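Peer 1: Under the numbering used here, the first residue of the sequence shown carries the number 1, and numbering increases by one thereafter. Just so you know, even glycine gets a beta-carbon here, dropped at the ideal spot from N, CA and C. Since we're looking at a predicted model, the values are computed, not measured. Encoded as C-alpha cells, here's the structure I'll be asking about.
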Amino acid sequence: MTLAHYQTQFDQLLDRDDAHDPIHQIRKKAFSKFLKTGFPTQKWEDWRFTDLSHLKKQSYQISDGLDDPVTIIDRSTYKMEGVETIVIHNGHYQKALSSHHDGIRVLTGPKYINERSGQIKTTADDPFDLLNTAFMDSCLSLMIDRNINLTTPVRILVISSGIDPIMVSPRVHVDINESSSATLIEHYLGDATSTFQNSSLIFSIAENSHLDHIRIQSNPVSAQYVANLNVSLYRNSQYNFFQLSQGSGLGRSNIRVNLKEEGSQCTLNGLSLSVGNQHLDNNILVDHFAPNCTSSQNFKSILEENSSGVFNGKVIVRKDAQKTDAEQTNKNLLLSKKAVINSNPQMEIYADDVRCAHGSSTGELDKDALFYLRSRGLDAITAKSLMIRGFAMELLGSIKHKGIKNYLIKALDTWIMEKTKK
Numbered sequence: 001m002t003l004a005h006y007q008t009q010f011d012q013l014l015d016r017d018d019a020h021d022p023i024h025q026i027r028k029k030a031f032s033k034f035l036k037t038g039f040p041t042q043k044w045e046d047w048r049f050t051d052l053s054h055l056k057k058q059s060y061q062i063s064d065g066l067d068d069p070v071t072i073i074d075r076s077t078y079k080m081e082g083v084e085t086i087v088i089h090n091g092h093y094q095k096a097l098s099s100h101h102d103g104i105r106v107l108t109g110p111k112y113i114n115e116r117s118g119q120i121k122t123t124a125d126d127p128f129d130l131l132n133t134a135f136m137d138s139c140l141s142l143m144i145d146r147n148i149n150l151t152t153p154v155r156i157l158v159i160s161s162g163i164d165p166i167m168v169s170p171r172v173h174v175d176i177n178e179s180s181s182a183t184l185i186e187h188y189l190g191d192a193t194s195t196f197q198n199s200s201l202i203f204s205i206a207e208n209s210h211l212d213h214i215r216i217q218s219n220p221v222s223a224q225y226v227a228n229l230n231v232s233l234y235r236n237s238q239y240n241f242f243q244l245s246q247g248s249g250l251g252r253s254n255i256r257v258n259l260k261e262e263g264s265q266c267t268l269n270g271l272s273l274s275v276g277n278q279h280l281d282n283n284i285l286v287d288h289f290a291p292n293c294t295s296s297q298n299f300k301s302i303l304e305e306n307s308s309g310v311f312n313g314k315v316i317v318r319k320d321a322q323k324t325d326a327e328q329t330n331k332n333l334l335l336s337k338k339a340v341i342n343s344n345p346q347m348e349i350y351a352d353d354v355r356c357a358h359g360s361s362t363g364e365l366d367k368d369a370l371f372y373l374r375s376r377g378l379d380a381i382t383a384k385s386l387m388i389r390g391f392a393m394e395l396l397g398s399i400k401h402k403g404i405k406n407y408l409i410k411a412l413d414t415w416i417m418e419k420t421k422k
C-alpha cells in the first residue's frame, strides 16, 4: 500500500464526508502532515528492529461501515462476564450492541468533534497518530463525571471481521474527572482475513483520580496492529496499565505517559507471547515533568519458534522533577534458538535528587530447574509448562479485578498448552 494508494483512499473518505463537517479540515491537516513524514523506516531510532514493509505490500481499503454487525457478530464468542461493553466493529461505534454505566457520558460524531476539536487540531508528529486522525472512523469520547467510583469494568471491544483487506482507525478519548476511579479494558480481536488496525487512545486522569487499564491484544496473525496510547496524569492521580499481547503478525504498542503534576503515579506492566513469525514491539516513553512522582515498568516476553520482539523503553526525568522514583525492568524468555528479542531500556535524568534504576535480562528455561522438576515425577511437558507459567504469573498477579485476572490466566494457560505440545 503505497502513499499514492493512501491518497486514493483518503480522497474517497473526503467524498464520503460532508464537506461542511468540521472533521473535514482536521482530516486534511493530519493527512498533509502524514504525507510529509511518511511511514517510519528502520533508519529511525525507535523503529530499528521493526520492518513495516508488509503495510506497503497490502492494499487496505477504508471501512465504509455499511455492513450489519448485528447479523455478523456472534456476541457469545466475545462475551466477558461482569463488564459493560462498548463495541467498535470495523472501526465504527455500535450503539445497539453497547452498554455503559450512567456515570459515563459517551460522545461521538459531531458532538465528539465539538468537544475535542482543539485537541485534535494540535496533532502530534507521530505518523501513525496522524494517519489515525486523518482516517478516524467513529471517534468516541468517554467522560466519567467527578466523584464517581465505577465498580463495574468498562470494556472497549474492537472487532474486525470480513474477507476484504481493510484499514480501521478507532480513536477514543477518555476523561477521568476529579476524585473518580474506573477500570477500563481495551480488547482487540476478530476473524478478518486481513486487517490493518491503527488505534489511538488518549487518557486524561484528573486530580485524585485512579484508572486501572487492561489491554488484551488477541488479533488473528493475519492482522497488522498499531496502538497509540497517550496518558496525561495530574496531581495525586494514579494509572495502572497491564497489556497482554499475543495476536497479530505485526504488533506495535506506542505508549506515552506524561506525569504532569506533583504526586502522580504510574505502573506499566506487559506480557507478550509470540510464536511462528510474529513480531511484537513495545515502545514506551514515561516523562516526569513534576516532583514527587513515581513510575514503574515491568515488561516480559515469551518467544517461541521464529518469532521476534522489541522492548524499547525510555524514562525522562526533567530538571524540575526532583524526588522522582522511577524503575524499569525487562525480562525475556526464549523457547527457541531462532527466537530473537531486542531490549533497550533507557533513562535520561536531568534532576539530581532522584531514585532511578533499570535493567534487562534474556535467557532460556533453566535446565537444572527442569531436571529437578522431572526428578520429582513431572513429565517434560508439564515441567516446561510450569516454568513458563511461573515466569508470567508475577505480572498477572498485579491484576486487581478477579474476573479479568481469571480471563487472562485462562488465555495464558491456553497459549502454554498449545505451544508446549509441539
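Roughly how many whole angstroms lie between the Cα atoms of residue 412 and residue 107?
Peer 2: Rounded to whole angstroms, residue 412 to residue 107 spans 35 Å at the Cα level.
Peer 1: Distance check for residue 252 and residue 272, CA to CA, integer angstroms please.
Peer 2: Approximately 11 Å between the Cα atoms of the pair.
Peer 1: So, residue 341 versus residue 308, is the Cβ gap smaller than 9 Å?
Peer 2: Yes, these two residues count as a Cβ contact at 9 Å.
Peer 1: Within 10 angstroms of its Cβ, does residue 398 collect 16 or more other Cβ (buried), or is it exposed?
Peer 2: Exposed, because fewer than 16 other Cβ atoms sit within 10 Å of the Cβ of residue 398.
Peer 1: Skipping 5 residues on each side, what residues in its chain have a beta carbon closer than 6 Å to that of residue 296?
Peer 2: For residue 296, where only same-chain residues beyond five positions count, the Cβ hits under 6 Å are 267, 327.
Peer 1: Roughly how far, in whole angstroms, is the beta-carbon of residue 127 from the beta-carbon of residue 34, given that I think they are within contact range, below 8 Å?
Peer 2: Right, the Cβ-Cβ distance comes to about 6 Å (below 8 Å), so this counts as a contact.
Peer 1: Is DSSP giving residue 388 helix, strand or coil here?
Peer 2: Helix, per DSSP.
Peer 1: Given this structure, state the Cα-to-Cα distance separating residue 105 from residue 205, to the nearest angstrom.
Peer 2: C-alpha separation (whole angstroms): 16 Å.
Peer 1: Compare the beta carbon distance of residue 332 and residue 361 with 9 Å and say whether it is the shorter of the two.
Peer 2: Their beta carbons are under 9 Å apart, which means residue 332 touches residue 361 by this criterion.
Peer 1: Distance check for residue 215 and residue 384, CA to CA, integer angstroms please.
Peer 2: C-alpha separation (whole angstroms): 27 Å.
Peer 1: When burial is assigned at 16 or more other CB atoms within 10 Å of the CB, is residue 132 buried or exposed?
Peer 2: By the neighbour-count rule (16 or more Cβ atoms within 10 Å), residue 132 is buried.
Peer 1: Please name the residue or residues paired with residue 267 in a DSSP beta bridge.
Peer 2: The partner list for residue 267 (beta bridge, DSSP) reads 240, 296.
Peer 1: Our contact map puts residue 261 next to residue 234 with C-beta atoms below 8 Å; I'd like the distance itself, whole angstroms only.
Peer 2: Right, their Cβ atoms sit about 5 Å apart.
Peer 1: Mind checking which residues open and close the beta strand (DSSP E) that includes residue 311?
Peer 2: Here the beta strand (DSSP E) through residue 311 covers 308-317.
Peer 1: Span of the alpha helix (DSSP H) holding residue 25?
Peer 2: Note, residue 25: alpha helix (DSSP H), 23-37.
Peer 1: Candidates 38, 352, 241, 92: which alpha carbon is nearest residue 183's?
Peer 2: The shortest C-alpha separation from residue 183 is found at 241.
Peer 1: Per the DSSP calculation, residue 364 is bridged to which residue(s)?
Peer 2: For residue 364, which the question treats as bridged, DSSP gives no partner whatsoever.
Peer 1: Who are residue 92's beta bridge partners in DSSP?
Peer 2: Its beta-bridge partners are 89.
Peer 1: What's the call for residue 27, buried or exposed, on a 16-neighbour Cβ count within 10 Å?
Peer 2: Buried is the call here.
Peer 1: Measuring straight from C-alpha to C-alpha, what distance separates residue 322 and residue 178?
Peer 2: Their backbone Cα atoms lie some 25 Å apart in a straight line.
Peer 1: Taking only runs that begin and end inside the stretch 193-257, name each unbroken beta strand (DSSP E) of 3 or more residues, in chain order.
Peer 2: Entirely contained in the stretch 193-257, the beta strand (DSSP E) runs reaching 3 residues are, in chain order, 195-205, 210-217, 224-233, 238-245.
Peer 1: Are the CB atoms of residue 100 and residue 142 within a distance shorter than 9 Å?
Peer 2: Yes. Within cutoff.
Peer 1: Between the Cα of residue 282 and the Cα atoms of 245, 201, 156, 146, which residue gives the shortest distance?
Peer 2: It is 245.
Peer 1: Given that a residue counts as buried once 16 or more other Cβ atoms are within 10 Å of its Cβ, and exposed if not, what is residue 311?
Peer 2: Flag for residue 311 reads buried.
Peer 1: Near residue 230, what residues of its chain come up, given a Cβ to Cβ distance below 6 Å and the 5 sequence neighbours on each side ignored?
Peer 2: Excluding sequence neighbours, residue 230 sits near 202, 256.
Peer 1: By alpha-carbon positions, which one of 410, 278, 354, 269 ends up nearest to residue 250?
Peer 2: When only C-alpha atoms are compared, the closest one is 278.
Peer 1: Excluding the 5 residues preceding and the 5 following residue 313 in the sequence, name in chain order all residues of the same chain whose CB lies nearer than 6 Å to its CB.
Peer 2: Only 284, 297, 328, 345 meet the Cβ criterion.
Peer 1: Can you check which of these residues, 404, 403, 370, is closest to residue 388 by C-alpha distance?
Peer 2: Selected option, being the one with the closest Cα: 370.
Peer 1: Who are residue 171's beta bridge partners in DSSP?
Peer 2: Bridge partners of residue 171: 200.
Peer 1: By Cβ distance, which residues of its chain are closer than 6 Å to residue 254, with the 5 residues on each side in sequence left out?
Peer 2: The answer, listed in chain order, is 228, 283.
Peer 1: Drop a sphere of 10 angstroms on the beta-carbon of residue 164, count the other beta-carbons inside from all chains shown, and report buried for 16 or more, exposed for fewer.
Peer 2: Exposed is the call here.
Peer 1: According to the neighbour-count rule (16 or more other Cβ atoms, all chains shown, within 10 Å of its Cβ), is residue 44 buried or exposed?
Peer 2: That one is exposed.
Peer 1: Spell out a yes or no on whether the stretch 135-155 and the stretch 182-200 are touching, meaning 3 or more CB-CB pairs, one atom from each, closer than 8 Å.
Peer 2: Because the criterion of three Cβ pairs below 8 Å is met, the stretch 135-155 and the stretch 182-200 touch.
Peer 1: Would you say residue 315 and residue 352 are within 9 Å of each other, going by their C-beta atoms?
Peer 2: Going by C-beta atoms, residue 315 is not nearer than 9 Å to residue 352.
Peer 1: Does DSSP classify residue 331 as helix, strand or coil?
Peer 2: Correct three-state label for residue 331: strand.
Peer 1: Under 7 Å Cβ to Cβ from residue 112, same chain only, skipping five residues before and after it: list those, please.
Peer 2: The answer, listed in chain order, is 139, 140, 141.
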